[in-house]
Each structure stands twice: as structure tokens, then as C-alpha cells.
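Numbering (mature numbering (1 follows the signal peptide of the UniProt record, and there is no 0)), first residue to last: -20 to -1, 1 to 375.
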């Protein structure tokens, strides 16, 4: 328990706030822009301002065959993730590239407090006020701003949505609270969605005493930093220069996210580059919010006094496609099926993929055949507006 708390409160930030205006950011570069440019896709970097002043980066990517554009797709990362999650495995595999090759106009969002959204109109990222958010605010404030901005840029009334982990959670929060947004979502594709955590990873499965102690300790901090943690792991345990280092790295990966057929699903060397692309920070309240879901057994809003309101998932009324790794240790099959049963009238696909863990859905070198082809096919066959498609071809 002490080791877990030590990890969670290990904090270090080296960010300075730089004021900026929302809109297209010309002449700006980041890791994602560089990767997209190397892959040969035209792209833009945009900044969106939320209702409460957070400045979020949005990566926009254009398909290489503009006359075949099928519509906008919004990709939203999970907890401690970034937009890089959807391009990390490269042009021949990653989901974003498969969508681009299929003719879709791709947008990749970044929620508040993540690596590419560390700015606010007036708050300093080192201040306590900046970090006073959970996935409530991501769903209720970040997503509406991002969705409306994407629809404005693409001149469409609705979009396709793909969310991994917390990216799925945030849309469930939004649609449960503001059903009007159902009209703006053509389909939702959820990769390892988190709504319930009755059977969580052993790290989260504290007994009652540990839970209360964790809450008291963690509330003293604003954010959790992964900067030194990931660097220490890679430098001291996962290095190719250390005998057995890659094997140890694989075992750690399996412990955290679930075992898999690592030799066939992920190139172990890929794990060495991953720390450079994960989000170095997250709000402690995000983590506490997931603990509350585990503690209460309910999909509810964050509240320090434990009186959060339960989200009305029956308000989610869009075609939903769920993909889950059979070896996922972050969100169990039982918990995913509980969500599936609530959304049953709108579930189009529920696919449990053998041998994959929580992050294999993004990082498997066989991701294209495992699920990305299915996602593209579902969007094309079930979500295609024929007249809109014809217009895109001939105009």
C-alpha cells in the first residue's frame, strides 16, 4: 500500500504557462505534428478554449484523397494518454492512418491537463485551481467545445467518435447529461470503456481502510506526474543495454495492463519509446473519481462528500460499438458487459478480442486486422450519408 501511495503522490512539473488565443496555430510544432508530417499527411494544429478557460490542442489531419472524404472522425485518448496514442504504431497500422486511408477527415483531441493541453486563459498550471477537475469537466466542458469546433471546421452537423478508456467515459458523461448531443454523434466506438469498476485492477482494489487513507493523502496534491516515474523505469529496468531489460519491461507491462501474446501483438522495443508520448500529468481528482466509481459501484459525478449524482446512461441513444481486450486488467469484462447491458438497445457490436490487454487496442501491431478494419467498415456501411458522400465526390 505504501509503495502505491508513493507512486501516486510522486509529483514533478517543469511547465510554464504561455498565454495563447484559440484557433489555428500557424508555425507551431509538436511531437504529433512531426509524426504526421513524416507520414506524409497534411495537418493543422488548433487551440480550443473551453467555457471555463482551458486551452486545448486539437490535431487536424486531412486525407490524401480529398474527393473521397467521408466525414469527420473525432478520436479522444484515455487517462494519461494523448492524441499520439492513435498514431504511435505508424502509418501502416495506427487507427488514425487507417481512417485517413479510408477517406475520413480525422481530428484528435487532447483533454485538459494532458501533455498538449497544459494551458489556461488565466490559471497557472502550477496552481491548485488549475487541477480542480475530474472526468466530469472533461465530459461536460472539454468535449462540447471540441465537438462543436470540429463540426464548425468540417461544416458538418454530426461526426463519428472513437474514445479509448476515459475518452469513452467522457462521452458517456456528456450524453447522459446533455442528450441533445446525441444528434451530433453518428456512431460511438468505445475501446475499453470505463463506466463501472466493480472488478478493477488489484492496485485499485483497496479495502475500506486503504481507500479512506488514500483519499485523505491524495487530496493534498493537485496532480500526479509520470515524468520521473517513466524515465526511471525505462532507464533502469527496460533498457536494451541491461541483460533481460526488454523481458522485464514486457512483464511490467503485463502486470499493469494484462498479459498478452506479446511476441505477436507488440514489438517490445515499442515500449521503450512510449514514455515520450504518454501524458506526463493528470489531475489527482481524475484518479479519485475512478476510485469513487469502484467504491460506490455507480457511474456518478465527482463529489468530495460522496454525494455525487448518478449519470443517466439511458440518455445515451446513439449507435455504440464496444471493443474490449480479453486480457484487459484495467477494466474487466464483467464491468464492460454491465455497460453493454444498459446500452443494449443501441449496441451494434460487442467484440471481445482474444489475447489483447487494455493498451493493445491501441498498440498491437495487428490492430488493423483485430479491430481497425472493422471500425472503418462500420463507419462506411452503417454511418454513411449517401447524398453527402456523393456531394463530396463531385463538388
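Ideal Cβ positions, reconstructed from N, Cα and C, are used throughout, including at glycine.
With distance defined between alpha-carbon atoms, name the residue in the options nearest to residue i.
{"i": "residue 68", "options": "160, 53, 18", "result": "18"}
{"i": "residue 269", "options": "149, 82, 143, 298", "result": "149"}
{"i": "residue 35", "options": "304, 10, 56, 122", "result": "122"}
{"i": "residue 12", "options": "40, 28, 29", "result": "40"}
{"i": "residue 303", "options": "126, 136, 143, 182", "result": "143"}
{"i": "residue 24", "options": "335, 78, 10, 287", "result": "10"}
{"i": "residue 274", "options": "345, 312, 307", "result": "312"}
{"i": "residue 21", "options": "62, 87, 323", "result": "87"}
{"i": "residue 124", "options": "100, 98, 90", "result": "90"}
{"i": "residue 272", "options": "73, 344, 26, 177", "result": "177"}
{"i": "residue 99", "options": "60, 30, 130, 129", "result": "30"}
{"i": "residue 131", "options": "28, 182, 360", "result": "28"}
{"i": "residue 237", "options": "331, 335, 267", "result": "335"}
{"i": "residue 110", "options": "316, 97, 120", "result": "97"}
{"i": "residue 129", "options": "26, 14, 287, 353", "result": "26"}
{"i": "residue 317", "options": "172, 119, 276, 223", "result": "172"}
{"i": "residue 354", "options": "276, 221, 267, 170", "result": "170"}
{"i": "residue 145", "options": "287, 277, 267", "result": "267"}
Could you give the C-beta distance for residue i and residue j, rounded to a whole number, given that I count them as a contact under 8 Å?
{"i": "residue 289", "j": "residue 280", "result": "6 Å"}
{"i": "residue 314", "j": "residue 141", "result": "Wrong, their Cβ atoms sit about 25 Å apart, outside the cutoff."}
{"i": "residue 168", "j": "residue 300", "result": "5 Å"}
{"i": "residue 38", "j": "residue 126", "result": "6 Å"}
{"i": "residue 152", "j": "residue 162", "result": "Incorrect: roughly 12 Å between the Cβ atoms, too far for contact."}
{"i": "residue 165", "j": "residue 134", "result": "Wrong, their Cβ atoms sit about 14 Å apart, outside the cutoff."}
{"i": "residue 112", "j": "residue 265", "result": "7 Å"}
{"i": "residue 337", "j": "residue 362", "result": "Actually they do not touch by this definition, with Cβ atoms about 28 Å apart."}
{"i": "residue 358", "j": "residue 60", "result": "Not a contact, Cβ separation roughly 27 Å."}
{"i": "residue 114", "j": "residue 282", "result": "4 Å"}
{"i": "residue 352", "j": "residue 75", "result": "5 Å"}
Please go through the same chain and pick out, in chain order, the residues whose beta-carbon is closer than 7 Å to the beta-carbon of residue i, but skip the five residues on each side of it.
{"i": "residue 43", "result": "49, 80, 83, 84, 85"}
{"i": "residue 71", "result": "19, 77"}
{"i": "residue 189", "result": "A caution first: residue 189 carries a pLDDT of 49, below 50, which makes its placement in the model unreliable, though a value can still be read off. Hits under 7 Å: none found."}
{"i": "residue 356", "result": "78, 79, 82"}
{"i": "residue 193", "result": "none"}
{"i": "residue 136", "result": "51, 52"}
Ignore the nearest five residues each way along the sequence and tell me which others in residue i's own chain have a CB closer than 8 Å to its CB.
{"i": "residue 16", "result": "23, 39, 41, 67"}
{"i": "residue 117", "result": "32, 92"}
{"i": "residue 293", "result": "152, 156, 175, 279, 319, 322, 323"}
{"i": "residue 326", "result": "296, 297, 298, 299, 300"}
{"i": "residue 247", "result": "345"}
{"i": "residue 45", "result": "83"}
What residues in its chain sit with their C-beta under 6 Å from that of residue i, if we drop five residues either side in the sequence?
{"i": "residue 147", "result": "56, 57, 58"}
{"i": "residue 65", "result": "57, 342"}
{"i": "residue 347", "result": "73"}
{"i": "residue 329", "result": "301"}
{"i": "residue 159", "result": "295"}
{"i": "residue 333", "result": "305, 350"}
{"i": "residue 181", "result": "309, 310"}
{"i": "residue 331", "result": "303"}
{"i": "residue 360", "result": "none"}
{"i": "residue 277", "result": "178"}
With hydrogens ignored, establish whether the beta-carbon of residue i is closer than 6 Å to any heavy atom of the ligand FAD.
{"i": "residue 44", "result": "Summarising the ligand content, the structure contains no ligands, and the ligand FAD is consequently not present."}
7 Å is my cut-off, CB to CB: does residue i come that close to chain B?
{"i": "residue 31", "result": "Going by chain labels, chain B is absent from the structure shown, which holds only one protein chain."}
Contact the region 100 to 108 vs the region 52 to 64: 3+ CB pairs below 8 Å: No, they do not touch.
Those runs of the alpha helix (DSSP H) which lie wholly inside the region 6 to 34 and span at least 4 residues: Listed in chain order, they are 11 to 18.
Within the region 58 to 101, note down every full alpha helix (DSSP H) run reaching 4 residues or more, in order along the chain. Here the runs fully enclosed are 75 to 81.
With a floor of 4 residues, list each alpha helix (DSSP H) that falls wholly inside the region 117 to 148, ordered by position along the chain. DSSP runs (the alpha helix (DSSP H)) wholly in the region 117 to 148: 123 to 134.
Length-filtered (3 minimum) beta strand (DSSP E) runs lying within the region 315 to 362: Qualifying beta strand (DSSP E) stretches, in chain order: 327 to 333.
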